[in-house]
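Input: a single structure, listed below in structure tokens.
Residue numbers (this note's numbering): 27 to 672.
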């Protein structure tokens with residue numbers, strides 16, 4: 027192991043190391059520690075990882091790998107364990123022989139965890155003993171201590187417990203569902219690994235899940251498509267690619283391992299996932315580019331060879347061959363180059379061609395040997411091509427209609443624009459007439475715009491693009507934002523810094539929000555990934571006692587009656603507290619609406635994030651799509667948590 031100096035910069039600029047201080051960065055801290063255990067698994071030295079979220083939001087990660095070395099490092103003059111958690115760019119993975127493939131190559135991961143945590147406690151089981159050391163905010167607070175001999179049969183490995191520091195991290199509450207999705211993915215990608223996730227915040231019996239999958243990536247694609255009507259069996263393949271690469275001034279022989287699986291479904295939605303050394307590269311990169319290129323090239327070649335495309339016909343475009351496709355590609359690379367420490371995009375140039383060749387060979391073989399399924403895939407691409415041609419014509423009509431639409435002051439739901447422009451501006455998309463009127467009066471006209479939307483929107487999950495563009499409510503939103511949709515979407519043209527959905531705090535309001543979120547996810551997803559879509563959180567109760575007013579806001583894990591009961595217990599004379607239940611936004615006067623929901627200094631906004639595209643895709647498909655059984659199962663499973671509005 028060898029290293030370079032300096033942990034202090036992490037606390038000063040966490041964005042450079044873990045992507046920020048928000049909820050996504052919080053989960054990234056957990057991933058950094060788990061990635062080290064997964065690296066051990068890929069090297070054949072570990073087959074069990076356990077993640078425990080404790081009641082105080084601290085986290086423990088256990089593995090049965092070989093354990094971090096604890097002896098004195100000759101170069102640094104301190105314990106290797108100490109250096110691994112305190113010295114930047116210090117790690118076993120900086121030598122060319124330590125790992126053939128690793129997700130944590132920057133020598134930063136656990137140092138960032140340590141620097142951004144109140145405390146970090148490490149226990150190592152190796153060399154016949156249990157070793158212990160403690161850290162705080164990037165520095166060692168104890169020496170490495172030999173605790174006891176290993177018991178007979180006790181496994182070697184490493185245990186890391188850390189508690190994120192609330193003075194640096196804005197978010198400190200982990201999402202079990204986000205962790206669940208991440209570790210399920212890892213179990214599919216690393217054959218033979220058992221991952222156990224425990225949530226001790228759930229009492230009296232902690233919530234527990236274990237993941238172990240022998241089927242690999244093809245099983246992963248089947249899981250992702252479990253609520254869809256597939257057009258054919260999963261197509262998968264694997265291959266190796268030898269290449270030369272430079273590391274620390276030396277030219278080395280590299281071996282890249284490539285695995286992929288694809289399957290088309292009777293759907294308009296595309297779901298792509300790309301991994302590099304088990305890291306979910308959510309922004310894609312050269313491995314995803316290679317797979318996309320191969321799919322499009324193979325389908326065009328086959329379609330012409332089989333006579334589906336004539337000489338006069340245009341080739342399928344990438345968007346036409348990807349519609350309805352669920353795909354996963356995973357590579358293992360000895361020296362992956364990521365765009366930054368958050369590892370969301372792979373940059374290695376040699377990867378694209380290697381992946382493209384492996385995918386093209388396996389996919390071509392499948393098409394040539396399965397003519398019935400091949401015909402179904404090609405016919406789907408032809409249908410998508412026709413739809414996109416029709417969409418282009420509709421788009422022209424929509425663009426021509428834009429100026430007239432926005433200038434018509436007599437239309438219901440007219441946009442009440444704000445006076446200023448810039449990233450500080452906000453557009454409230456408001457449910458209903460009365461609420462829209464109150465919002466227009468309540469707003470700060472300098473930077474807050476109001477767009478009332480009357481009634482429920484179209485369910486965009488179930489209809490084609492032509493129906494969507496015929497919907498007046500959807501046209502209203504598209505026109506007001508100015509970005510276009512789908513392939514024509516341009517985030518730079520978004521006229522407001524934030525979009526805020528504001529609806530009643532009841533079942534109908536929740537349904538309207540879901541319909542709106544479905545539209546944004548399917549047709550304007552970059553708004554979500556850019557962190558610019560929010561949900562307003564209006565209060566559900568107004569409590570008044572001795573001229574003192576308190577507003578009560580909904581909480582996800584407690585019913586309204588339980589919440590009210592809890593709040594009233596805080597008063598010495600609960601029977602003398604005046605209680606007003608807000609059934610809708612229209613029941614609040616403009617002053618109350620400003621005070622509770624629109625005033626930037628007092629309001630609460632829920633930011634919509636897209637941490638896991640696959641899970642978001644599955645959820646929207648299940649809740650809003652045409653298949654009833656998955657939705658029924660979901661409703662039955664969550665019925666105990668439902669709020670009945672009767």
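From the three backbone atoms N, C-alpha and C, an ideal C-beta is built for every residue, glycine too. Just so you know, these numbers come straight off a predicted model, no measurement behind them.
Closest Cα partner of residue i within the set the options
i, options, result
"residue 70", "218, 53, 169, 524", "218"
"residue 290", "536, 339, 321, 628", "321"
"residue 414", "511, 90, 563, 43", "511"
"residue 598", "288, 220, 91, 572", "572"
"residue 335", "401, 279, 384", "401"
"residue 192", "281, 211, 561, 49", "49"
"residue 304", "626, 479, 406, 61", "61"
"residue 141", "376, 489, 111", "111"
"residue 471", "36, 552, 453, 487", "453"
"residue 585", "546, 531, 107", "531"
"residue 528", "450, 243, 97, 464", "464"
"residue 24", "482, 475, 449", "Shown here, the chain extends from 27 to 672; a query on residue 24 therefore has no answer."
"residue 648", "181, 147, 178, 254", "254"
"residue 148", "93, 194, 179", "93"
"residue 484", "477, 509, 533, 538", "538"
"residue 327", "390, 104, 105", "390"
"residue 178", "514, 165, 156", "156"
C-alpha distance - residue i paired with residue j, whole-angstrom precision
i, j, result
"residue 297", "residue 247", "10 Å"
"residue 123", "residue 65", "Reliability of the predicted coordinates at residue 123 is poor, the pLDDT of 45 falling under 50, and the value obtained from them is presented with this limitation in mind. Taking the straight line joining both Cα atoms gives about 13 Å."
"residue 176", "residue 151", "7 Å"
"residue 393", "residue 285", "18 Å"
"residue 73", "residue 633", "37 Å"
"residue 371", "residue 349", "22 Å"
"residue 169", "residue 555", "43 Å"
"residue 356", "residue 301", "5 Å"
"residue 294", "residue 338", "26 Å"
"residue 467", "residue 524", "19 Å"
"residue 363", "residue 373", "5 Å"
"residue 431", "residue 545", "Here residue 431 scores only 43 on pLDDT, less than 50, and its place in the model should not be relied on; the value that follows carries that caveat. Spanning the two alpha carbons is a distance of roughly 20 Å."
"residue 564", "residue 292", "39 Å"
"residue 610", "residue 604", "18 Å"
"residue 233", "residue 225", "5 Å"
"residue 474", "residue 631", "15 Å"
"residue 360", "residue 282", "7 Å"
"residue 492", "residue 418", "10 Å"
"residue 407", "residue 343", "9 Å"
"residue 621", "residue 608", "14 Å"
"residue 195", "residue 189", "11 Å"
"residue 445", "residue 592", "43 Å"
Chain B contact for residue i (CB, 8 Å cutoff)
i, result
"residue 348", "No chain B appears in the structure shown, which is made up of a single protein chain."
Bridge-paired residues (DSSP) for residue i
i, result
"residue 266", "283"
"residue 526", "454, 560"
"residue 187", "86, 147"
"residue 389", "The partner list for residue 389 (beta bridge, DSSP) is empty, contrary to what the question assumes."
"residue 591", "Residue 591 is not bridged to any residue."
"residue 306", "301"
"residue 162", "165"
"residue 634", "Residue 634 pairs with nothing; no bridge assigned."
"residue 364", "372"
"residue 77", "87, 223"
Residue burial classification, residue i (beta-carbon count within 10 angstroms, cutoff 16)
i, result
"residue 438", "Model confidence at residue 438 stands at a pLDDT of 38, short of 50, so the residue's coordinates are unreliable; what they give is reported in the following sentence. Exposed is the call here."
"residue 517", "exposed"
"residue 366", "exposed"
"residue 352", "buried"
"residue 39", "exposed"
"residue 625", "exposed"
"residue 223", "buried"
"residue 681", "Because the chain spans 27 through 672 in this model, residue 681 falls outside it and cannot be assessed."
"residue 504", "buried"
Continuous alpha helix (DSSP H) stretch holding residue i: start and end
i, result
"residue 566", "No alpha helix (DSSP H) contains residue 566, which DSSP labels as neither H nor E."
"residue 244", "242-250"
"residue 540", "533-549"
"residue 491", "491-496"
"residue 68", "49-68"
"residue 220", "Here residue 220 belongs to no alpha helix (DSSP H); instead the beta strand (DSSP E) covers 220-225."
"residue 575", "Segment 574-578 is the beta strand (DSSP E) holding residue 575; no alpha helix (DSSP H) there."
"residue 513", "Looking at the DSSP string, residue 513 is not in any alpha helix (DSSP H), and its letter there is neither H nor E."
Span of the beta strand (DSSP E) around residue i
i, result
"residue 478", "474-479"
"residue 606", "604-607"
"residue 351", "351-358"
"residue 236", "233-237"
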